[in-house]
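As numbered in our numbering, residues 2 to 196 make up the sequence shown, in order. For every residue, glycine included, the Cβ atom is placed at its ideal position computed from N, Cα and C. Model, not experiment: these values are computed from the prediction. As structure tokens, the structure follows; a few thoughts come after it.
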Amino acid sequence: MKNLISPSEENTTEDHPDTEDFVNSYLNLIGQIVVSFNSLEKQIKDGIAQLISDDLGMTTRITAGEPFMNLQRLLNVLFRYRVSDRTQLTKLDELNKTLGDVDVQRNNYVHSEWFMGRFFPMGEPFAQRYKASKNALKIFKGEKTFPRVQELEQFVVRINGLTNELASLLKDNSKQIRAHRKKTERNRLLPITNL
Numbered sequence: 002m003k004n005l006i007s008p009s010e011e012n013t014t015e016d017h018p019d020t021e022d023f024v025n026s027y028l029n030l031i032g033q034i035v036v037s038f039n040s041l042e043k044q045i046k047d048g049i050a051q052l053i054s055d056d057l058g059m060t061t062r063i064t065a066g067e068p069f070m071n072l073q074r075l076l077n078v079l080f081r082y083r084v085s086d087r088t089q090l091t092k093l094d095e096l097n098k099t100l101g102d103v104d105v106q107r108n109n110y111v112h113s114e115w116f117m118g119r120f121f122p123m124g125e126p127f128a129q130r131y132k133a134s135k136n137a138l139k140i141f142k143g144e145k146t147f148p149r150v151q152e153l154e155q156f157v158v159r160i161n162g163l164t165n166e167l168a169s170l171l172k173d174n175s176k177q178i179r180a181h182r183k184k185t186e187r188n189r190l191l192p193i194t195n196l
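What follows is the structure in structure tokens.
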């Protein structure tokens with residue numbers, strides 16, 4: 002096994018000038034992942050609002066504090082209630098699978114603990130992901146150089162692409178959504194008869 006040196010144990014300004022840049026790139030990209038994912042989550046909340054009501058106060062209260070998985074499920078149920086076109090539902094299914102995958106991947110990046118370092122001596126910079134529990138320290142083996150900066154950049158692009166894809170799906174179906182909302186609002190106003 003190769004010896005590891007953490008950035009704090011190195012002379013980052015003379016011997017390894019790119020180590021600090023490497024760590025900063027990671028921190029910057031993990032921040033971009035958080036911001037991009039928040040934008041995706043906001044798009045889901047906006048979609049839920051579009052599917053439920055024009056009353057933003059109500060939809061804000063419905064979605065506030067809900068975890069991503071619950072928001073995704075609510076969007077899925079409401080979209081299926083409002084839209085009946087099979088092609089559009091297939092697009093939603095594909096989008097839902099990708100949303101679930103992205104949520105797991107985001108959690109792995111954002112909620113892991115990270116050790117940034119360099120293979121000794123003067124080797125390639127790396128990031129090691131690990132999680133600690135009361136019972137064990139789990140090191141994600143085989144990931145000594147995982148994920149690379151390029152992978153994180155691609156993940157940010159993927160999240161932003163999903164945000165745009167969801168916005169397009171909602172826009173493409175906005176007429177049907179509005180028509181269904183009007184129809185159900187009219188039905189709500191009909192008197193209830195004795196059963």
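Query                                                                                                                           : Result
Endpoints, the alpha helix (DSSP H) within which D104 is located                                                                : R87 to V111
Residue environment, N174, which counts as buried when at least 16 other CB atoms sit within 10 Å                               : buried
Which listed residue (L57, I49, M70 and N25) has its alpha carbon closest to that of L79                                        : I49
Contacts around A168, its chain only, beta-carbon distance under 7 Å, and the 5 residues preceding and following it disregarded : Q44
R83 classed as buried or exposed, judged by whether at least 16 other C-beta atoms fall within 10 angstroms                     : buried
Proximal residues to V103 (C-beta, below 7 Å), its chain only, five neighbours per side dropped                                 : R159, I160 and L163
Straight-line Cα distance separating P68 from G32                                                                               : 19 Å
Residues of its chain near T60, where Cβ-Cβ distance is below 8 Å and the 5 sequence neighbours each way are ignored            : K46, I49, A50, I53 and S54
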